[in-house]
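Worksheet: the structure to be examined is printed underneath.
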Amino acid sequence: MTKIALVTGANKGIGFETAKQLAQKNIKVLLGARNETEGKKAETALRDLSLEVTYVKLDISNSEDIAAVTSYIESQYGVLDILVNNAAVFLDGEWFGNNVESVPMKTLRDTFDINYFGTVELTQALLPLIKKSDAGRIVNISSLSGSFGVHLDENHWLYQLKPYTYSASKTALNQFTVFLANALKATNIKVNAASPGWVKTSIGSDQAPLTPEEGAKTGVALALLEDNGPTGTFSQSGEVFPW
4 MTKIALVTGA
14 NKGIGFETAK
24 QLAQKNIKVL
34 LGARNETEGK
44 KAETALRDLS
54 LEVTYVKLDI
64 SNSEDIAAVT
74 SYIESQYGVL
84 DILVNNAAVF
94 LDGEWFGNNV
104 ESVPMKTLRD
114 TFDINYFGTV
124 ELTQALLPLI
134 KKSDAGRIVN
144 ISSLSGSFGV
154 HLDENHWLYQ
164 LKPYTYSASK
174 TALNQFTVFL
184 ANALKATNIK
194 VNAASPGWVK
204 TSIGSDQAPL
214 TPEEGAKTGV
224 ALALLEDNGP
234 TGTFSQSGEV
244 FPW
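Next up, the structure:
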């Protein structure tokens with residue numbers, strides 16, 4: 004039976020590559036994106052590669068969109084096997100420095116609406132469908148910038164990069180990962196956080212060393228975990244990171 008996956012923020016970057024790599028594994032992938040033009044463009048690009056994908060309009064900060072997508076998946080498939088929470092924004096302006104003393108509250112709220120609140124709301128809405136899967140997988144695309152360990156280690160290469168809003172939202176996402184994995188530990192659902200690394204995207208910039216294709220690999224691997232795979236972890240390319 005064909006597995007069903009939903010990838011948020013799938014119109015470009017890591018989300019697009021994640022959807023592509025999952026579809027290449029003969030998984031039916033729903034491409035969640037808030038921009039309809041860009042979402043359909045991504046759908047066409049992947050269908051041109053003979054991949055089974057469908058665009059769904061999804062702004063995860065919009066409760067109506069979440070309800071509509073949940074209803075669509077339930078009516079069309081009755082189950083969701085894989086959820087990759089990839090959609091995110093970076094509104095701090097720049098990576099270097101520490102802006103915690105001056106970051107506007109609107110920047111904090113707008114960032115958390117998508118990077119955290121929207122992700123939690125979507126996941127909660129879809130959980131009944133994921134619980135119907137024989138092997139449900141939830142992958143939260145996080146960032147090393149959300150790690151307390153990194154920001155306390157003066158020898159770490161990321162130590163000088165302290166964009167507070169983005170980092171705090173990813174720390175919250177990591178906490179959600181831990182709590183959800185704990186809540187679902189008696190089920191067949193595995194919940195993990197993936198750090199894609201420093202990737203050439205609208206968030207990572209053109210200076211990043213990794214391509215979106217490379218950045219997607221960790222999330223894809225976690226989405227395809229075997230039954231004996233881990234849950235409640237934070238990793239990149241098999242390396243487990245400190246929370």
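All letters in the sequence shown, in the order written, are residues 4 to 246 by the numbering used here. Just so you know, even glycine gets a beta-carbon here, dropped at the ideal spot from N, CA and C.
DSSP three-state label for ALA48, please. helix
Within 10 angstroms of its Cβ, does LEU52 collect 16 or more other Cβ (buried), or is it exposed? exposed
By DSSP, does PHE237 sit in helix, in strand, or in coil? strand
Does the distance from the CB of THR11 to the CB of ILE63 come in under 7 Å? yes
Taking 7 Å as the cut-off, decide whether the C-beta atoms of ALA36 and LEU25 are in contact. no
What residue from ALA13, ASN65, ALA71, ASP84 has the CA that sits closest to THR47's CA? ALA13
Quick test of the definition: if touching needs 3 or more C-beta pairs under 8 Å, does the stretch 112-121 touch the stretch 185-202? no
Reference ASN65; option with closest CA among ALA175, ASN102, ASN38: ASN38
Does the beta-carbon of SER148 have 16 or more other beta-carbons within 10 angstroms, so that it is buried, or is it exposed? buried
Could you pull the start and end residues of the beta strand (DSSP E) that ARG140 belongs to? 140-144
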